[in-house]
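Chemist: One structure coming up, written as structure tokens, with questions to follow.
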Ligand code: URA
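In the working numbering, the protein residues as written are 7 to 437.
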């Protein structure tokens with residue numbers, strides 16, 4: 007195949023299971039970003055990648071092509087640049103807690119985050135439930151906020167990894183999310199373009215994650231660590247559980263509320279613990295001193311929360327609204343049919359339920375409803391009485407309520423006993 011393949015040739019080659027060269031991938035991605043290659047051909051190619059996969063060399067080349075589709079930030083003038091990325095889960099609001107915590111510990115968190123993807127939520131959608139918050143920052147403002155506050159989070163922009171912005175939105179609505187090379191290149195292109203020197207990757211595993219098995223999660227972690235290390239970054243990964251949602255809130259505004267509570271030292275326990283583990287990993291990767299006691303003191307003293315408020319304000323967010331973010335007006339309580347112990351709470355079904363209430367997208371660029379979502383009163387291991395509320399659904403005039411209730415009813419299993427999975431399966435990968 008020539009260096010500038012026609013898009014149809016890329017589709018046919020991948021459909022037949024052939025490997026692309028780095029030059030072919032570079033040209034294809036450049037063509038997509040400059041508008042020469044249309045969405046429908048890229049969508050067909052993505053589906054072929056889902057089925058046929060990619061070699062390690064292709065994945066690395068795709069990552070570099072995506073990272074180079076825009077600017078690659080040089081953050082060398084900022085102290086201790088650290089970053090974190092999760093491969094996507096349900097109720098995962100760790101960035102909102104971790105970023106200001108790291109900044110208060112001496113790191114600079116200059117981070118590019120995504121929107122919701124498939125059944126998972128995205129940090130940018132969550133932050134935009136704060137009135138006034140602006141996630142579309144240009145290079146100059148991104149640097150200024152990073153320098154002045156120590157935390158900045160931007161969404162995908164025309165400047166940074168624009169190829170990932172386009173591919174991410176296309177994958178979200180074409181059933182092409184669950185692919186190791188596509189996830190690895192999406193995550194790592196953003197991390198490389200974002201410019202941080204030390205990175206921790208939270209690779210989720212379980213029903214609510216894109217990687218359903220520990221084996222697949224380990225393979226994804228190893229691929230991403232290898233790409234980052236090759237690019238000269240300090241990268242560590244952990245594998246964390248996503249069989250059930252993280253925390254008790256799922257939905258954009260609800261998750262910001264829960265993150266705020268966590269920064270105020272009001273839990274929930276699993277969210278705080280995961281943030282502490284991620285902080286320990288990335289600060290160690292950056293060669294900064296770190297102890298559990300110092301991290302806990304940074305939360306308990308209010309320093310992490312104070313940094314959070316400065317960060318939100320610097321990006322235009324109204325910090326006076328944090329205690330009263332707009333929830334959808336209507337509620338429905340899902341009740342336990344029998345007494346017992348919650349033995350299963352399927353994260354995938356909970357994520358889908360939040361999506362059908364209006365919290366996710368079914369078409370590219372669709373508006374989402376920040377106020378809808380689910381509060382989980384009972385999680386795996388919790389005892390429940392017959393008729394007790396397992397969860398509250400926040401909905402708008404019944405939109406999606408029937409489907410969400412059906413999903414959530416199936417998500418819960420109440421039995422005689424429970425064996426909760428560990429929150430963190432492995433850590434220190436790449437360290
Ligand atoms: N997070 C990303 O940034 N990209 C993916 O493809 C999955 C999770």
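Using N, Cα and C, we set each Cβ at its ideal position, and we do this for glycine too.
Predicted, not measured: the structure shown is a model, and the values here were computed from it.
What three-state label does DSSP hand residue 114 in the structure shown?
Modeler: strand
Chemist: Could you check the C-alpha separation between residue 211 and residue 218 for me, to the nearest Å?
Modeler: 5 Å
Chemist: Is it buried or exposed for residue 197, if we count other Cβ within 10 angstroms and need 16 for buried?
Modeler: By the 16-neighbour rule on beta-carbons within 10 angstroms, residue 197 is buried.
Chemist: Let me make sure I understand the geometry here. Which of 176, 116, 139 has the alpha-carbon closest to that of residue 148?
Modeler: By alpha-carbon distance to residue 148, the top candidate from 176, 116, 139 is 116.
Chemist: How would the residue list near the ligand URA read, in chain order, if you kept each one whose beta-carbon is closer than 5 Å to any heavy atom?
Modeler: Counting only residues whose CB is nearer than 5 Å to a non-hydrogen atom of the ligand URA, the list in chain order is 93, 94, 120, 189, 192, 193.
Chemist: Under 7 Å Cβ to Cβ from residue 7, same chain only, skipping five residues before and after it: list those, please.
Modeler: Low local confidence applies: a pLDDT of 45 at residue 7 is under 50, so the model's placement there is unreliable, and no value is given.
Chemist: Going by alpha carbons, who is nearest to residue 44 out of 236, 13, 316, 21?
Modeler: 13
Chemist: From residue 265 to residue 404, what distance separates their C-alpha atoms?
Modeler: 27 Å
Chemist: Name the DSSP bridge partner or partners of residue 296?
Modeler: In DSSP, residue 296 forms no bridge with anything.
Chemist: Say whether the segment 145 to 161 touches the segment 277 to 286, bearing in mind that this needs 3 or more beta-carbon pairs closer than 8 Å, one atom from each stretch.
Modeler: no
Chemist: Does the distance from the C-beta atom of residue 94 to that of residue 216 stay below 8 Å?
Modeler: The Cβ-Cβ distance between residue 94 and residue 216 falls below 8 Å.
Chemist: Applying the criterion that 16 or more other CB atoms from any shown protein chain within 10 Å of the CB defines a buried residue, is residue 46 buried or exposed?
Modeler: Classification of residue 46: exposed, given that the 10 Å Cβ count is below 16.
Chemist: Note down the Cα distance separating residue 77 from residue 142, rounded to an integer number of angstroms.
Modeler: Each residue's Cα considered, the two are about 15 Å apart.
Chemist: Which runs of the beta strand (DSSP E) fall wholly inside the segment 344 to 382 and span at least 3 residues, in chain order?
Modeler: 346 to 351, 379 to 382
Chemist: Touching or not, the segment 338 to 349 and the segment 418 to 430, by the rule of three or more beta carbon pairs under 8 Å?
Modeler: yes
Chemist: Between residue 208 and residue 433, what straight-line distance do the alpha-carbon atoms span, to the nearest angstrom?
Modeler: Distance between the alpha carbons of residue 208 and residue 433 is about 9 Å.
Chemist: What did DSSP end up calling residue 243 once you bin it into helix, strand or coil?
Modeler: strand
Chemist: May I ask you to report which of helix, strand or coil DSSP gives residue 433?
Modeler: strand
Chemist: For the segment 52 to 71 against the segment 116 to 125, do three or more pairs of beta-carbon atoms, one drawn from each stretch, fall closer than 8 Å, so that the two count as touching?
Modeler: no
Chemist: Please classify residue 40 as buried or exposed, where buried requires at least 16 neighbouring CB atoms within 10 angstroms.
Modeler: exposed
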